[in-house]
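What follows is a set of notes on a single structure, which appears directly below.
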Amino acid sequence: MTPPGSVPRRRARWREWLVAIVGLTLIWSLFWGGFSWLNTVGGVLVAVAVLVFYPLPPVTFAGRVRPLPVLVFVLRFLAELVVASVRLGAVALRPGPPPHSAIIAVRLRVPTDLNLTLVAEALSLVPGTLIVDVDRPGGTLFVHVFDVRGREDAARSREHVHELEVRLVRAVGSPAELAAVQTDSDGRKVEP
């Protein structure tokens, strides 16, 4: 007799595999520059081989997609890209000594694998910041930050990472994750 939760779990696992196979096949076809039967079959075979030989841990998504916060996140992210690019260009053209940089440790309030990944990816896409290490058990990102002149700049950069995390969790987080980002380390409610 099978355990009661095994059939839904197996179905969910197959659904995850199907999504991964479709995504990897799409990427494979884009790499080859077109869609044909041969590309599609080859992509499916490569995708299955990748999933069999390099299995990934399951990524759970307990949240929900909220369209308005997603739009806010995307618009703010695009604005940050422009501002960071202009700032980086200005620093590069500024005469004088080279700018200082720093590596700061930022402990996220929602230390799930998915949240760590989303925040790390968003930060790495912004010019002037780069993830150099991740402490999964501790839920900490180590971020290389460009043009840091002192402790105030480092604290401001750390606060920027927390604001990014809040926007991401508002866009795709669960109610429990929303509650976690809306309280500080002492359990007091933080204003949005």
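Heads up: the sequence shown begins at -3 in the working numbering, then just goes up one per residue. Note that the Cβ used here is the ideal one computed from N, Cα and C, for glycine as well. Just so you know, these numbers come straight off a predicted model, no measurement behind them.
Within the same chain, and ignoring the five residues on either side of P95 in sequence, the residues whose Cβ sits closer than 6 Å to its Cβ are V87 and D143. Measuring C-alpha to C-alpha distances from P93 to each of V128, R145 and F49 identifies R145 as the nearest. When DSSP states are grouped into helix, strand and coil, T108 belongs to the coil group.
Under the three-state reduction of DSSP, V130 is assigned to strand. In the DSSP annotation of this structure, the continuous segment of the alpha helix (DSSP H) that includes R166 starts and ends at R147 to V168. Residue pairing by DSSP places H140 opposite I99 and L126 in a beta bridge.
Counted as a single uninterrupted DSSP element, the stretch harbouring P91 is not any alpha helix (DSSP H), since DSSP gives it neither H nor E. The way I'd put it, the stretch 161 to 171 does touch the stretch 113 to 125; three or more beta-carbon pairs between them come closer than 8 Å.
For E173, the CB contacts under 8 Å within the same chain, skipping 5 residues up- and downstream, are A58, G59, V106, T108, N111 and V165 in chain order. Leaving aside the five residues that flank S81 on each side, the residues in its chain whose CB is nearer than 6 Å to its CB run, in chain order, P123. In the DSSP annotation of this structure, the continuous segment of the alpha helix (DSSP H) that includes G39 starts and ends at W33 to F49.
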